[in-house]
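Take a look at the structure below.
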Amino acid sequence: MRYDHRAVEAKWRQVWEERGDHEPDLDAAEDPFFNLMMFPYPSAEGLHVGNVYAFTGADIYGRFQRMCGRDVFEPMGFDAFGIHSENFAIKIGDHPKTLIRRNVENFRENQLKRIGARFDWAHQVNTTEPEYYKWTQWVFIQMFRQGLAFRKKAAVNWCPDCMTVLADEQVISDRCERCDELVEQRELEQWFFRITDYAEKLHQNLEWIDWSDITKTAQRNWIGRSEGALLRFEIDGREEHLEVFTTRPDTVFGATYMVMAPEHPLVDEITAEDKRQEVGEYRAKARAATQEERTAEDRPKTGVDIGAYCINPANGERIPIWIADYVLWGYGTGAIMAVPAHDERDFAFAKTFGLPIREVISPDGEEHDLEEAYIGQGVMIHSGQFDGMPSEVGKKAVTEHLAEKELAEPRVEYRLRDWCVSRQRYWGPPIPMIHCGQCGVLPVPEKELPVLLPELEDFTPDDSGRPPLARAEDWVKVTCPGCGGDARRDTDVSDNFLCSAFYFLRYPSVGMDDRAWDPERTRKWLPVDMYIGGNEHACLHLMYTRFVVMALHDAGLLPFEEPFVKFRAHGLLTKDGAKMSKSKGNVVNPDDFLESTGADTLRLYLMFCGPFQQGGDWRDEGIAGMRRYVERLYNLVMDDEVVDAPVEGELERAMHAAIKKVGEDLAELRYNTAIAATMELLNAIRDADTTPKQAVETLLKLIAPIAPFVTEELWHELGNEGTIHDGPWPEYDESKLVTDTVEIPIQVKGKLRGTVAVPTEATEDEVMAAAREIPSVQSQIEGKEIRKVIFLPGKLMNIVV
RNA sequence: GCCCAGGUGGUGGAACGGCAGACACAGGGGACUUAAAAUCCCCUGACCUUCGGGUCGUGCGGGUUCGAAUCCCGCCCUGGGCACCA
């Protein structure tokens, strides 16, 4: 009989929806399990197969938890603000509002509802609806109240094509992540969130949160924690001093010059008269250069001696101060002590300008002519009282010694920068702040939220740096909540990543318009039990989210400080070994396959392509095989005589083995091998003389999380009521897994020479006797002395001659 | 340059100290059919073979072990992240 997936899937979609199978009672649930996946951006092109891949993998996990008895909440939403929609709307001459409504409708009704996921549509969010972004604005205000939102005039990344400010993370090797245009630096007043206040906690908690290692590693790199010391160098003949951060205080005796970043404010004050012109020119040049130019690889070192001197606190030596653009303003103190003997960059600089190079760390205690910087550990030399000390010990010893004279203190630095959250664009939540000439900057009173995004005919950005919202003059004028005088609204919108930094907090409380999240519901459902998404968000979305939750926790608004107890990064789905991309024209359209082979087949095939956490490779030919599998399963129930007979013998063993294997694999997201195991069980059932109902029902349950429609259909076909998807998950009996006889491989000197079938409990002597019967074993041991026998009962014998 | 993740048949991938290639795809042969499709059965790492079997084989080179795809050391290649971060 031919399997009609269209009719079957439509039928169960309707039944599940009408019955509310996917909508747990959020207040009454006894064993809550919050199964979260990264909500999509609803593009005009429609749902990408990569989304289906990610959602299916996450949904299987949720369905498995449900069958294991948990009350699973699996919501879905739309991350629809941002530059993408805005640019696309401008391109097609439409308004983002109507565009997004259309896209969301298409995503939800035509695509997401068809992929067989147990989404709770009663609790969806759309970040562009006022009832949602009211809370985005509210969160902004909470951050402000915590002292974590501040304004700073800063050199920011400006994309001349998108005509907006970009976060550091949105700049990939000096180009705009979205449009690939070369990014410029512009001085603008911006809103920042002080994520650096949480650098240590963000780093620390990585120790215990249960996340994919690749994601944790990416976050560690991004935070860039490094331990060292702050050293203080007096400036010769002046009151001021220069502070530097170093991870190698043990090399301080080798500091032969100092370097300040060109932007360092102290440069102006201490530059010698006769150097002013040269220094001024160098600083102007550095300012004009793009990040690309400044950081290009193997670029020759440049710099200028500013004619001032520092006193090395370790040996009292008078050393010159330079400025050079290889020292970055914005990391550490923006100044360094240069130790050319033990730092590659300082070495190159010293060579270029003929500055002295003094070896102070020696790998063997001897002196060397250095061809290159020695950056390893060793013994301290030319270091006064520290001579002979191992450099690892010296780090601490030097710091402590200088600390006594208040010239040093231990210090931890981070690479992480504060989060620029303002955007000079239209399509985002207006930043809920008011600028008053009398009162300064203050938040919009919470009862006046949301600050609605004004309807603008012309919302295109221009090159002035003046945001589109500034043109809505009536909207901008506002009464100051502080003094009642005339004031102006902030005309920036907030970064998209703020919308997605708390959406999961909102899901359980959707519909409550008087609170961001209900304390009861939140205590019950959060933190999220499992979060699945792409690792490309490791440094952006996932980092910002952790930060926002920590800040809300410290504000007393959340009872936990980590949002996701467990996070797993899924892999990338490729096509014929290559990355899918529109330009290559090798993008798989999931709609085609949902229509032609159905959701079950698509889900099975996607998950069969490879290990979910590593990714997989899609081949069009492959999916036909999966369709055949679904049909074999269907025909097993429809055509075969399914009988009420006991499950016995080999089939019984196979069934228990499959339950064990599939259960373990699903829990570890190893869906490809779980599917293979169900295939083996199906083959075992077909090989058996009869088709026992219990074996078939077990098989259906094992596949149910992956192929929800056909298993539900066949479950009822076998006369069952209710739904297969509420479980219970079948149990296996360990004792059924052992067989009476086993095939034991016989090796001679580690090479396989044959197998013997013996009782499971056979002793070494019995196995040896059987092994001697095998001709190929005989020929290998004939006339040789048996030196040793490795025997693992029931598993293996290795004869060493 | 540094840090991760990988490299296994024609292909996707299994196995993660103990029979390499589970499960599939593709290919070949057969059954059924007037024929084809569908379905079902068999074969399918390479080389040699007296058809019993033998030799080689998991990116490359070493090592540990009775035994290594798996552990260790040194390379090469692919993908991802960070990168003048002191």
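With this note's numbering, the residue at position 772 of the first sequence is 848, and numbering never jumps.
The beta carbon of each residue, even a glycine, is placed where N, CA and C say it ideally should be.
Give me the residue from Pro118, Lys189, Ile866, Glu185 with the minimum Cα distance to Ala156.
Pro118
Using only the alpha-carbon positions, how far apart do Met844 and Glu858 sit?
14 Å
Give every residue of the same chain whose Cβ lies closer than 7 Å to the Cβ of Asp107, excluding the five residues on either side of it in the sequence, and list them in chain order.
Gly145, Arg146, Asp147
Could you pull the DSSP bridge partners for Ala764 from this structure?
DSSP output for Ala764 lists no bridge partner at all.
Do you know how far the Cα of Tyr681 is from the Cα of Phe688?
12 Å
Can you give the beta carbon distance from Arg194 to Arg139, rounded, assuming they're within the 8 Å contact cut?
6 Å
Buried or exposed, going by whether 16 or more other CB atoms sit within 10 Å of the CB of Ala83?
exposed
With three or more C-beta pairs closer than 8 Å as the rule, is the segment 407-423 touching the segment 325-342?
yes
Taking all protein chains shown into account, do 16 or more other C-beta atoms lie within 10 angstroms of the C-beta of Ala364, making it buried, or fewer, making it exposed?
exposed
In the structure shown, what three-state DSSP assignment does Val908 receive?
The requested residue 908 does not occur in the structure, where the chain is confined to residues 77 to 877.
Would you tell me roughly how many angstroms separate the C-alpha atoms of Gly223 and Gln266, rounded to the nearest one?
15 Å
Sufficient close CB pairs (3 or more, under 8 Å) joining the segment 299-313 to the segment 484-500:
yes
Comparing C-alpha positions only, which one of Gly870, Trp805, Thr293 sits nearest to Glu837?
Gly870
Residues in its own chain within less than 6 Å of Val818 by CB, not counting five upstream and five downstream?
Thr836, Gly870
Three-state class that DSSP yields for Thr536 in the structure shown
coil
Mark Pro396 as exposed unless 16 or more other C-beta atoms lie within 10 angstroms of its C-beta, in which case mark it buried.
buried
For Asn662 versus Ala654, is the C-beta distance shorter than 8 Å?
yes
Out of Asp103, Phe109, Arg78, which has the shortest C-alpha to C-alpha gap to Tyr607?
Phe109
Classify Leu628 as buried or exposed, calling it buried when 16 or more other Cβ atoms lie within 10 Å of its own Cβ.
buried
Can you give me the start and stop residues for the alpha helix (DSSP H) that Leu529 sits inside?
Segment: none, Leu529 is in no alpha helix (DSSP H) and carries neither H nor E.
Would you check if the distance between the CB atom of Asp419 and the CB atom of Ile451 is smaller than 8 Å?
yes
Can you tell me whether DSSP reads Tyr607 as helix, strand or coil?
strand
Looking only at DSSP bridge pairs, what is Cys512 linked to?
Gly516, Ala563
Exposed or buried, what is Asp135 when buried is set at 16 or more other beta-carbons lying within 10 Å of its beta-carbon?
buried
Just verifying my parser: in three-state terms, what is the DSSP assignment at Trp398?
strand
Straight-line Cα distance separating Trp694 from Gln823
40 Å
Rounded separation between Gly686 and Arg746 - CA only
9 Å
Is it true that the CB of Gln213 sits closer than 8 Å to the CB of Pro505?
yes
Helix or strand or just coil, what does DSSP make of Met113?
strand
Rounded to a whole number of angstroms, what is the C-alpha to C-alpha distance between Ala275 and Arg493?
9 Å
Runs of 3 residues minimum, wholly inside the segment 241-311: which ones carry the beta strand (DSSP E) assignment?
260-269, 302-311
Between Ile850 and the rest of its own chain, which residues show a CB-CB distance below 6 Å, the 5 nearest in sequence each way excluded?
Gly830
Close beta carbons around Pro151, own chain, < 6 Å, minus the five adjacent residues each side
Asp196, His199, Tyr583
Taking the C-alpha atoms as reference points, what is the distance between Asn748 and Leu742?
9 Å
Identify the continuous beta strand (DSSP E) that holds Trp599 and give its terminal residues.
Sequence inspection shows Arg at residue 599; the Trp mentioned does not correspond to that position. Arg599 -> not in any beta strand (DSSP E); alpha helix (DSSP H) instead, spanning 595-601.
Since Gly803 and Arg142 should fall inside the 8 Å C-beta cutoff, what is the C-beta to C-beta distance between them, to a whole number of angstroms?
7 Å
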